[in-house]
Amino acid sequence: MEFRAIADVLERKLEGKSVSIRGWVYRIRDQKEMVFIILRDSSDVIQCVVKKESVSKKVWADALKLTMESSCTLTGKIREDKRAPTGFELQVEDLEIVGLAERFPITKDKSEEFLRDVRHLWLRSRKETLILEVRAAVFEAIHQFYKERGYFEVQSPSFTSAASEGGSTLFEVKYFDRKAYLTQSWQLYAEAMIFALEKIYCVAPSFRAEKSRTRRHLAEYWHHEMETAWMDFEGLLKFQEDFIVFAAHYVAKKCARQLKELGRDTKELLELKAPFARMKYADAIKKLGKKWGYDVTDEDERKLVADLGRPVFLTHFPRDMKAFYMKVDPKDKKVVLAADLLIPGVGETTGGSARIEDSKELLESLKMFKLDKKDYDWYLDLRKFGSVPHAGFGLGVERLVMWLTGAEHIFDTIPFPRTADRLTP
Ligand code: 4AD
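Residue numbers for the sequence shown follow the working numbering, so the first one is 958 and each next one is one higher.
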């Protein structure tokens, strides 16, 4: 028997034709002489009707046995029906139960916490399925963007011996008879690899021992990072604008059906264009009514970007608030050439900077940040053998998916979220 995907059946409008489909019971309701099944597969849903008078005794008995989330195969004729959820109905002639489901624990009005406990089952819901489809398109967009620009995809180790983004969020692990850390970023390795490949990118998990319970922090997230030789700060900001615009357009076009079903208006994505707004840290804190050194919060970020109504680069942060490898602004030694891109509804979505090129300057910076030079010996070497200006950024893939889909919580954008209080399922 040849099975068709539900989306294919709907698209081809196979009026009057007999088709076989397979999937899971999404909803079921029986009326005296009829059973209505909404069947779902990965592509869509379709209403199927089993009429007692039109099927064998066995098929009718099986239809009555079916429960929510049972898997089954159905064969029948397709008929247009405007009242059906996706406009067509399958008039069932044959039905086979593949896996009869026990009472499915997910019903309406379940708490967010409960849904997280049964994430392995909740993933099947329409909303989660659609978000995961958009997530897959984001990975596709990343690879497409870099392929068009002649970048190489490069991998770096997950076990590391030192911090790149500060000790407070480092995950310590036992590494044979030593201590090691899970990577926070590929960056230090990327800075070594640009001397060979010049233009590189990656998408890989990064780990942050974040204790803060917010709607945009994970302990393990997927990190898209880029590093480029000969790139300056201005070039870095322009590059990020191009990337974000490309990703927004790509996903809005490729996932128009999914975004519509999620209730996400794609106008904002399709109309997005460069240049984005820019704001220096000094101006941001003035706007927020705060003093120099104030740590801009998640809420502040969302407020700043909401006021502007479009993405904004927050730039020129105080040196001691950022990472040790960031290049000091030659025009204002108090600040570094770093930028966070704030996106509507989410806040910080990328973080990037121009990097220190000079070995003496890097040594001073390590000292200032109280980092042990020994841990960064090989990294210092990079400044001794043909150093060049270079820059790069990192983007939290889940935060981008939040924005693209309009998801309220980062939990919904990754199949199995890892946070301080959740390691299962
Ligand atoms: O700003 P971050 O810490 O920058 C870096 O790691 C640089 N080394 C990147 C680079 O220049 N190559 O992290 C970059 C991005 C953030 O803007 C945010 O989107 C995301 O990673 N991110 C997180 N996403 C989810 N959960 C967390 N706990 C995150 N921490 C950072």
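Glycine included, each C-beta is placed from N, C-alpha and C at the ideal position.
Handout entry: Whole-Å CB distance - Gly973 paired with Ile1035, under 8 angstroms assumed
Key = 7 angstroms
Handout entry: Nonlocal neighbours in the same chain, by C-beta distance under 6 angstroms from Ala1119, ignoring five residues either side
Key = Asp1332
Practice task
Note down, one range per segment and in chain order, each alpha helix (DSSP H) of at least 4 residues found wholly within the region 1327 to 1365.
Solution key: 1334 to 1338 and 1354 to 1362
Exercise for the section: Give me whichever residues DSSP pairs with Ser977 in a beta bridge. Expected result: BP columns for Ser977 point to Phe960 and Thr1032.
Problem - Beta-carbon contacts of Leu1319 that lie in its chain and below 7 angstroms, excluding the five residues immediately before and after - result: Ile1313, Leu1337 and Arg1340
Problem - beta strand (DSSP E) segments (min. 3 residues) lying fully within the region 1232 to 1316 - result: At a cut-off of 3 residues, the continuous stretches assigned as beta strand (DSSP E) that sit fully inside the region 1232 to 1316 are 1234 to 1237, 1269 to 1275, 1289 to 1300 and 1304 to 1311.
Problem - Three-state secondary structure assigned by DSSP to Ala1166 - result: coil
Exercise for the section: For the beta strand (DSSP E) holding Ala1377, just list the boundary residues, first then last. Expected result: Run containing Ala1377: none; DSSP gives neither H nor E here.
Exercise for the section: Would you list the one or two residues that DSSP bridges to Phe1061? Expected result: Note: Phe1061 sits in no beta bridge, so no partner.
Exercise for the section: Report yes if the C-beta of Phe1061 is less than 8 angstroms from at least one heavy atom of the ligand NAP; otherwise report no. Expected result: The ligand content of the structure shown is limited to the ligand 4AD, which means the ligand NAP is not among them.
Problem - Integer Cβ distance of Asp998 from Arg979, believed to fall under 8 angstroms - result: 7 angstroms
Practice task
Would you identify the three-state DSSP class for Thr1043, choosing helix, strand or coil?
Solution key: coil
Handout entry: Under the three-state DSSP convention, the category Thr1370 falls into
Key = helix
Handout entry: For Arg986: DSSP bridge partner residues
Key = Phe993
Problem - Supposed contact pair Cys1029 and Glu1046 - C-beta distance, whole angstroms, cut 8 angstroms - result: About 16 angstroms separates the two Cβ atoms, so there is no contact after all.
Practice task
Look at the alpha carbon of Lys970 and the alpha carbon of Asp1297, and state the distance between them as a whole number of angstroms.
Solution key: 48 angstroms
Problem - For Val966, three-class secondary structure by DSSP - result: helix
Problem - Straight-line gap, Leu996 to Leu1057 (C-alpha atoms, nearest Å) - result: 14 angstroms
Practice task
Note down the Cα distance separating Leu1265 from Trp1187, rounded to an integer number of angstroms.
Solution key: 32 angstroms
Exercise for the section: Please list, in chain order, all residues of the same chain as Val1303 whose beta carbon is under 6 angstroms from its beta carbon, the five residues on each side excluded. Expected result: Closer than 6 angstroms at the Cβ level, and outside the excluded window around Val1303, lie Arg1356, Met1359 and Trp1360.
Practice task
Would you check whether the ligand 4AD has a heavy atom nearer than 8 angstroms to the C-beta of Trp1079?
Solution key: Proximity of the beta carbon of Trp1079 to the ligand 4AD is not indicated: no heavy atom of the ligand is located closer than 8 angstroms.
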